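Worksheet: the structure to be examined is printed underneath.
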Amino acid sequence: MAEPTKKLKKPDVKIVLLGDMNVGKTSLLHRYTERKFKDTVSTVGGAFFLKQWGPYNISIWDTAGREQFHGLGSMYCRSAAAVILTYDTTSWQSYVELEERFLSLTDTANADCIFAIVGNKADLTDSHAQASNPEGEEGTEPARLSFSSSSLQRKQVNKEDAMALYRRVLHYKGLDEKACLPAESMCFETSAKTGYNVDVLFETIFDLVVPSILKKRNEGESSTVDLEAPSTAKRTKAGCCA
Amino acid sequence: MTARYDCHYCKDSLFGKKYVQREENPYCVKCYNSLYSNTCEECKKPIGCDSRDLSYKDRHWHSDCFQCFKCRCSIADKPFTTKDEQLLCTECYANEYSSKCYECKKTIMPGSQKMEHKGNSWHETCFTCKRCQQLIGTKSFIPNDNSNYCVPCYEKQFALQCVQCKKPITTGGVTYHEQPWHKDCFLCTGCKEQLAGQRFTSQDGFPYCLTCYCNLYAKKCAFCTSPISGLGGSKYISYEERQWHHDCFNCTKCAVSLRRRRRRRIAVEVHGEAEGRSYHLPENHYRSGWGWDVKGSMSVKAFELVSAVDREQLAGEKARIGIECIECCGQHLYVGTNDGFIHYFLLEERTTAKGQLSFSSQKLLHKQIGVKKPPSELKAASALERLIVLCDGVIMLMNMVTLEPVASGGTKLKGVTTFCVNENPVRAEPFCVEMAVASARRRAVHICTVHEDRVQILKEVPTPDQPCDLSVDGYFLCLALPTRYVILNYYSGASQDLFPYNSEERKPIVKRIGREEFLLAAPGGLGMFANAEGISQRAPVKWSDDVISAAVCFPYVVALDDGFITVHSMLDQQLKQTLSFREGHILQNFEGKVVLASTKAVYVLVPLPLERQIQDLLAGHRVEEALTLIEGAQRNIPKDKFQILHRRILQQVGFIQFGQLKFSEAKEHFRKGQLDVRELISLCPLLLPASSSFTRCHPPLHEYADLNHLAQGDQEKVQLCKRFLISYLCEVRASESANGFRQDVDTALLKLYAEAGHEGLLELLDSDNSCLLADSVPWLKKHHRYFALGLLYHYNGKDAAALQLWVQVVNGDLEDSTQADLFEYVVNFLSSCKNMDLIWKYVDWALQKDQKLGVRIFTKRPASKEQTKQLNPDDVITHLQKHNQALILYLEHVVFERRLQKEKFHTHLAVLYADRVLALISRSSATEEQLTSARQKLQRFLRESNLYRVQLLLGKLQVSELLLMERATLHGKLEEHDKALHILVHQLKNSAAAQEYCTWASQSQDPKNRGEIFHQLLRVYLDPDVPGGPRTIEAVDLLNHHAEVFDAPKVLELLPEAWSLPLLRPFLCGAVRASMHARHTSQIALGLARAENLQLHHDRLKCRGGPVFVSEKKGCHLCHNTFSEPDCVCLPGGMPVHTHCATQKLKGSPTKRQVDHTHNNNHT
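As C-alpha cells, then:
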C-alpha cells in the first residue's frame, strides 16, 4: 500500500470552531484567511486550514454545525488547544445551543484548553461593526443579508450573556475563574461580513496557544530518543575499555 | 295462544297467511317488507321475501336485477367485476377496459401474464424479438421503430458500425465527421493513441492528437518559437513565409501589435479557420456501460477503469456464479465465488506503446473448498505462501500456488465474522503473519499469528461490544462496534471512542490507510480519517450515503456505491471524478493497486499517469494540488525520472504563479526547478539576443506567448513582471545557474534596465558582463541610454566610439541625463585612458570646455612609469601653451605632485607665477585679495623651490617696486643675505619678516652659518648708516629670542657700549647657561669615552691571555662551517669565527646583535 501519510506540514496545535449551523463559522475562517466575505455552502463534516504563525503551524478546524454531524464533534475537539464557541448575535437559540449541544463536545480537548466565545454577525445589530470594513467590500453580498444592511436587527444576545456563558464554561470545565483568562478578553463580537474584530479574534488566540505548543514540544523532546544524535554514552564506553 | 299467531307489528291474525319469522316474532309479509326488506339497487323496489336478495359490498339486488351494466345478461351466477360502481360481466369488462396487446391488438385478459413497456402491453407470447421471433421475456431488449429486438439481434440489425473495424458499437462510441467510431478505433493518425476525451484536430480529413499535429504540421511561431496549434480556431498570421501567433505578431521595433494594421508595406495574410481547427468530442453512450463522467471544474481524470477478469473467464456459461471476495497479491489474483470455488489468476500488467495500461489474466487454477459454502474473505500471506480463507466462520489455510488446504494445527477459530492482517506488526516475528479476528456473538477480538501450518491465538482482547468490522495497525485496533467506532490498543487495553454511528442504517467501513491511520464511514455520507490517538488530521471527504466500500490511493479516496465509483481528493475534499460502475460490491487497495469487483467481473482502477494528472491540474492552475501530487509520488518514481518531472512541474508552477503575479512564490519555484532563465526571458519580446540559440522547451512550460499576452494588455502588470524579471535575472547572474548562457542573461538584463531606466544598468556595465554588443547597441540607442552605451563600448574596448558618443552628449547633440557631470566623467575617463591618440584628440575639446577640469586629463593620471614615458611633460606643456590656466595647473602638478626636479619646469612655473602677479599689479581692476593670493603662491614657490633660475626671475621682478618680499627671497637664494635683509629691514621695515627670513634661510645650514645669518641681521639692525638710525628694539628682541644661535663674544663686540645690562639680561643668561651646559656635556662625553677605552683595553688583554684553537672539527660559531684557513676572529667570550662572519655580524643592526646575544644566553 502506498504510504499516504506523507504530510506537507505537520500542525503544531489545533484550534476548533464550534457552533450551531448558520452562525458563520466558515465565513469567519474565510474572512480571516482570504480577507473576503463570500457565500459559503453548509460545511460537510469539517474542513481545516493551516496557518503559519511565526515558526508554528496552527491548524484551524471548521466544523459542521448541522445536527447530522454532531457525533463527529468530539473527535475534532480531541487534543485541541483552543475552542472557539460561536453564536449568532441575532439568534438567542444559537447561543443556547452552545451550552446544550456543543459544550459537552469539548470534553476531549486538552485540559488547558483555551475558550473563546464569539458572537458573529455583529454587523446586523451594531452600526459600528457595520461601518468598520477594513479593506472595502469585495465579496458579493448574499441576498439574504442585503435587506437587513439598511436597518439594524434586534440584538438578541448581549456581550454580558456571552461573558456569563464564558464563566459557566469555566465552571463546567472545573476551572478556577481567577486562574483563567478574564471573560472580558475572551468574549468577542465579530462580523465576518465586514471583517470587524475577526483578525483580533484569531490573532489573540494564536498568541495564547503558543505556550501550549512549546509545552507540547518540550514533552515531545523528553519522550523521544534521537538515535541520530551523537550520544555521550558511546564515549564513556570507549573510555572504560581503554 | 292467539297472540302467538298474530303479526308482531300490525297484530293482524296470521292464520292462513304467509308470514315471516324474525327474531322469534312472526310478521305478516306486508309488515315485514316495509320494516326489514332491502331496496334493489337496480329497480329501486324493495326486495321482498319472495325473491332472492343478492348483496355485494353492502348493496342489494333482486336476483333478476343483478345483471351486467353493459350486456344486461344476468351475472348472478357468473364472475363479474365492478368499474365505477357499475357491475360488468368479465367479457364486457375485458372488452371495455383491459389493455390490448400491442402486437396482435387483441385484449389481454385480466389475470393472464402481460408485458408492459412504456405504456404499451403485450401478451407474453406476443412479446418477441422482431428479428428472431424468440420470446424476449425478462431479458433486456431494445425498442426500435415500434418493434422490439433482443440485444444480439439489435446489434446485428441496427447498432452503428464502426467506420474503422466495421463491428457494431455497443458501448460509448464516438461520432466524428458524422460517422460512428469505436472509442478504441478512433485513434490519432500519427501516434495511434485514443483521441476520445482529448482535444484533437484534423489535417486532410485525418484526425491527429495535438502533440502529433504540432510536431507534424503546425507552424512554429517566428517569435516565441512554440508551435501554432490553431486551437479554438484562433488565427495566426503569415508574412513572408513566416508565421506568428496572433499575439506575437508585434513590431520588432516598438513592440506595438501589427495585427490590425494592413499597411501598404506589410502584406499581412490572415488565414482563417482553415485547417487547424479543433473539435470537442461528443461522446455517445448508447447503453449503460461505464465511461467517463467528469463533473465540475475541480474534476481531474485520476483513474481509469481497466478490466482484469471478465465474466467468461470466471464463470464460463454458468449464469449464477457471483464473486464473493477477491485478493490480489502482486500478480496473483484470487477470486472466491458463491459456489464455493476459489479461482486463481495470474494477472499480468501490460503497457501499450502509448503508455496505456491493460491487464491480461490467465486462469491458473480453480478449486472447490471442502465446504459447500462460499468463501467470504481471502488474504494471501505471500511470505508463507499461504492463502488465508474465511469460509463459513472458519479460517483455513491453503497453499497459495496449489490451492491445496494445509492441515492447520493450533487453535480452531469458529464463528469468525471477519479478520484482518496487521500490515505493520509491532512484534515482527519472522515466518508468521499477525492478524486480528472478530467472531460472532463474542465481545472480543483475537490476535492470532498465522504460521505455515497453523493459526495460533496470542491474545484475546475484550471489546466493549461485538465488533462488526475491524482494522489493525501496530498495537492499534480500529473497531466498528454496533453503535460506534473505537480505537483500542490491544497491548495496553486503552480504548478511545471515535464517534457514534448506526450499524442498522449502514454497514460500517474501517480501512487502514497508512501507519496508524484509518478511514471510517461516518454518518451523513462522510469518510472520516482517524489516527491512533483518535484525532482526525485530515478533513473528511463527502461521499455518497450508501457507500459500500472505500480505499485510499494517495492523494485520493476512492469510494464505491451502487452505481458509481467516486474519487475524492484528500487535499481539498473535492469530488474529483465519477465513474459509473454497476453492481460493484468490492473495492480494495491491494498494495497500491485498487481492485474492484462486481458480482461478475474484476476490474483494476489504474491511476492515470501521474504526469497527465498533474498536467490536468496545472492546466486548471491548481498549483498546490499538483505539487502535492508530485511530491506524494516521489517514492513511486525512479529518482532520476522524478527529478526531471519534479523540476519541470516546479517550473510550470512557477510560470503559473508568475502569471498570477505571485512573484516571490514563482521565484522560489523557478529556483527549485532550476529553470533555464531564458524561458522567462523569452516571455519579453526581443529580450533574447538574436544570436541566442535558445528555443522554448517543448512541450511548453506555460501558455503565454509573451508578457503582453500574460497581462492581457495591462501595462501595469507588464511593468510588474519586468521588475520581477530584473530582480530575478540579477540573482541568476550572481549564482552559477546562468552558466552557459551568460550572454543571453546579461543582454536581457541590460535591455530590461535600459527600458526601465534602472540605475542597475550602469552597475551592470561597470562590472564583469557578457552583454552582446550587436544586440545591445540599437536597444540602448532606442532608449537614449547613450552614457550606458558608451560604457558598453568602453567595456568592449571601443573607447573611441564611447568617447565620441559622450562628447556628443556633453555638447548637447544627444540627450541623456543619466550622468549629471558627464564632462567631468569624460575627463576622468581620458585621464585614465591609455590611448594617447584619443587623449590628444579630445584634450583640446576638453580644455576649451573647461581648462581647470580639462587639465585633469594630464594631472589626474594614475602614476605609473609607463604612463610617464608615454606622456612627455614637454609635449604636454607645448600643447597647453594656449591655455594659461591649464598650463599653470599642469606645471603645479609636475612640480609639486610629481616632484620633477627639472629646472625648466620650475623656472617656467615661477615665471608664470611672476607674470600673473605682474599682470595683476598692472591691472587696476584686480582686487587686493587676488593679488595677495597670487603673491603668496609666488613667494612660497620662490622660497621652497631651489631649481629655478634666480637671476632670470630677479630680472623679471626688478620691474616692479612692490615685489620687495620676493626680491628678498631671491637674494636669499643667491646667498646675498645682506641684501635681502636690507630690503626687509629697511625698505619693507618688517622685522618679523626679517626674522622669519633668517629662520628660513638658515634652515638647511650648519649651525655656524646659521649663526652667521643672524649676526648679519643683527648687524643690519645696528647699522647706524641707514636713515632712521639703528633699530635697537628689534635688535634686543632678536637677541633675547634667539639667544642660542648667537655667539655671545661676537655679539658683545658688536653691541654699542651704551646698552644697559638689564636690557640684555635674558640673552646673557641664556648665553652663559648654554656655554656652561656645553662645557659640562663635553666633560661627561670625555669621561665616557675614557671608560670605553679602558674597557676595550681590558678585553684586548683578556683575549691575548690564551691561545685560540681552530680546527676543522670546530665550526665557526656564526656560520657553523669549518675553518679552512688559520685566519679567525674571536668574539667577546673567546669564540672563534670567520673573519667575514664577524664583519657581517657587525654590520647587522644593533637589535639583531641583541637577539643573538640573548640566544646565546639561553643555551648556556
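Chains as they are written, first to last, in UniProt numbering: chain C, 1 to 242; chain P, 1 to 1164. From the three backbone atoms N, C-alpha and C, an ideal C-beta is built for every residue, glycine too. In this text, all values refer to a predicted model and were calculated from it rather than measured experimentally.
- DSSP, read as helix, strand or coil, puts Q356 (chain P) in coil.
- Secondary-structure assignment with DSSP links T418 (chain P) through a beta bridge to P:A438.
- By the Cβ test, the stretch 84-95 of chain P is in contact with the stretch 65-76 of chain P, since at least three Cβ pairs between them sit closer than 8 Å.
- A480 (chain P) carries a strand assignment under DSSP once its states are collapsed to helix, strand and coil.
- Neighbours of F499 (chain P) across chain C, judged by C-beta separation under 8 Å: G71, L72, S74, M75.
- When only Cα atoms are considered, S682 (chain P) and L688 (chain P) end up about 6 Å apart.
- Cβ proximity to chain P below 9 Å picks out T108 from the stretch 106-130 of chain C.
- If you look at V445 (chain P), you'll find it in the beta strand (DSSP E) that goes 444-450.
- Here W779 (chain P) is not bridged, per DSSP, to any residue.
- Taking 7 Å as the CB threshold, S27 (chain C) stays off the interface with chain P.
- Q68 (chain C) belongs to the set of residues whose beta carbon lies under 7 Å from a beta carbon in chain P.
- Per DSSP, the beta-bridge partners of R59 (chain P) are P:Y56.
- DSSP places A521 (chain P) outside any alpha helix (DSSP H); the residue lies instead in the beta strand (DSSP E), whose first and last residues are 517-522.
- When only Cα atoms are considered, M21 (chain C) and W61 (chain C) end up about 15 Å apart.
- If the five residues before and after I75 (chain P) are omitted, its C-beta is found closer than 7 Å to the C-beta atoms of F66, Q67, C68, L87, C89, all from its own chain and listed in chain order.
- For M398 (chain P), there are no neighbours in chain C by C-beta distance under 9 Å, as the nearest C-beta there is about 23 Å away.
- The DSSP-derived three-state label of L571 (chain P) is coil.
- Residues of the same chain with a CB within less than 6 Å of the CB of L571 (chain P), apart from the 5 flanking positions on each side, are P555, E625, T628 in chain order.
- Sequence-distant partners of R66 (chain C) (beyond 5 residues in either direction) whose C-beta falls short of 6 Å from its own C-beta, in its chain, are M21.
- At least one C-beta of chain C is nearer than 7 Å to the C-beta of K542 (chain P).
- Under a criterion of Cβ atoms nearer than 8 Å, the residues of chain P adjacent to S79 (chain C) are, in order, E533, I535.
- Here S212 (chain C) carries a helix assignment [DSSP, helix/strand/coil].
- For I857 (chain P), the enclosing alpha helix (DSSP H) covers residues 856-859.
- Under the 7 Å criterion on CB atoms, G65 (chain C) is classed as non-interfacial with respect to chain P.
- Scanning the stretch 898-922 of chain P for uninterrupted alpha helix (DSSP H) segments of 4 residues or longer gives 903-922, listed from N- to C-terminal end.
- In the DSSP assignment, the residues bridged to I586 (chain P) are P:A597.
- With fewer than 16 other Cβ atoms from the protein chains shown falling within 10 Å of its own Cβ, S185 (chain C) counts as exposed.
- A direct Cα-to-Cα measurement between V151 (chain P) and K412 (chain P) gives close to 51 Å.
- For C129 (chain P) against C153 (chain P), the beta-carbon gap comes to about 5 Å, under 8 Å, which counts as contact.
- Across the structure, D640 (chain P) and L610 (chain P) are spaced so that their CA atoms are roughly 15 Å apart.
- Annotation note: the stretch 753-819 of chain P contains the following uninterrupted alpha helix (DSSP H) runs of length 4 or greater, listed N- to C-terminal: 760-766, 773-782, 786-795, 799-810.
- The DSSP-derived three-state label of H123 (chain P) is strand.
- Taking G474 (chain P) as the centre and dropping the five residues before and after it, the same chain places the C-beta of N422, N424, P425, V426, R515, E516, A532 closer than 8 Å to its C-beta, in chain order.
- In the structure shown, the three-state DSSP call for R622 (chain P) is coil.
- Apart from sequence neighbours up to five positions away, the residues of its chain that approach P46 (chain P) with a beta-carbon distance below 6 Å are N33, S37, T39, ordered along the chain.
- Contact check for I84 (chain C) and I205 (chain C): beta-carbon distance about 7 Å, within the 8 Å limit, so the pair qualifies.
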